[in-house]
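Residue numbers (the working numbering): 81 to 392.
Everything below concerns the one structure shown next.
Structure, rendered in structure tokens:
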């Protein structure tokens with residue numbers, strides 16, 4: 081048996097939607113992964129631009145060792161359903177996920193495998209992202225770990241409120257998370273935080289100080305403030321509660337821990353709902369003031385024009 085046969089099969093799943101401006105770099109980065117046993121799934125969620133045509137073109141020219149699978153959904157499934165569909169296809173023991181606007185560094189997959197193999201109890205690992213702008217110019221690290229060593233995060237710490245610099249964009253996780261919990265609810269607006277909770281229920285998490293991706297920041301990011309404010313947090317909370325129920329029913333957590341997760345999920349929901357309402361109230365106050373200003377300005381201009389007409 082050679083070295084490559086001893087390595088676990090990894091699925092590199094790249095998700096795209098209307099990202100024609102960035103998809104070429106994302107796909108090229110996927111194809112350039114330096115790992116021997118790799119299946120790459122390039123999946124487009126029924127883009128209305130040329131995203132999938134670019135994917136097809138790049139994949140057709142590829143002559144390397146990786147197994148490539150292309151997919152274009154016939155209808156737009158949305159984030160959760162699209163993610164769940166590809167998780168069902170994934171054959172790897174470890175899954176590395178990527179977005180169609182980010183750039184994975186060549187060693188990302190191999191580093192993911194190395195870190196997880198060195199710690200069998202870890203269920204997922206994420207890296208430190210280096211942020212780039214729309215034009216690919218570096219604009220600083222998104223998350224920085226100090227000291228510069230791998231950090232461990234546990235479920236108990238997480239639900240107690242300890243903050244960890246998790247990066248969903250550079251995460252790699254064991255397939256057992258999918259096997260235990262199954263698909264996300266179709267209405268869940270994100271896979272990011274539900275997979276943090278799922279992973280921490282089944283083991284601890286690792287956060288590497290090394291850079292795994294170039295995370296692209298632009299006006300269409302799902303993680304931009306306006307998107308986060310409009311996210312259906314009640315659906316995220318519903319996913320948390322459902323996953324806790326699944327974990328308890330399968331004997332993955334104790335009754336006490338089940339209750340703690342439920343308390344944390346509901347408290348987290350209330351906190352985020354309060355924060356969102358506060359944000360909307362501030363926005364509405366500012367908007368009303370601007371509207372009044374615009375009305376006063378309009379009335380002022382109309383008065384001047386009317387007076388000028390009278391003078392004539």
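The beta-carbon is built from N, C-alpha and C at its ideal position, and this holds for glycine as well.
The shortest CA-to-CA distance from residue 232 to any of 211, 252, 204, 255 is the one to 204. The DSSP-derived three-state label of residue 289 is strand. Around the Cβ of residue 191, a 10 Å sphere holds 16 or more other Cβ atoms; the residue is buried. If you draw a straight line from the Cα of residue 262 to the Cα of residue 121, it comes to about 19 Å. Ranked by how close their Cα comes to the Cα of residue 197, the residues 330, 355, 90 have 90 in first place. Using a 10 angstroms sphere on the CB of residue 106, the tally of other CB atoms reaches 16 or more, which defines it as buried.
Here residue 270 carries a coil assignment [DSSP, helix/strand/coil].
Residue 152 is bridged by DSSP to 124. Here the stretch 336-345 makes contact with the stretch 320-327; the two share three or more CB pairs at distances below 8 Å. Annotation: residue 200 to residue 206 spans about 15 Å, alpha carbon to alpha carbon. Around the beta carbon of residue 125, 16 or more other beta carbons sit within 10 angstroms, so the residue counts as buried. The DSSP-derived three-state label of residue 246 is coil.
For residue 324, the uninterrupted alpha helix (DSSP H) run begins and ends at 313-329, by DSSP. A residue is called buried when at least 16 other Cβ atoms come within 10 angstroms of its Cβ; residue 351 does not meet this threshold and is exposed.
For the 8 Å CB-CB criterion, residue 110 and residue 132 do not form a contact. Of the residues assessed, residue 182 falls on the buried side of the cut-off, its CB having 16 or more other CB atoms within 10 angstroms.
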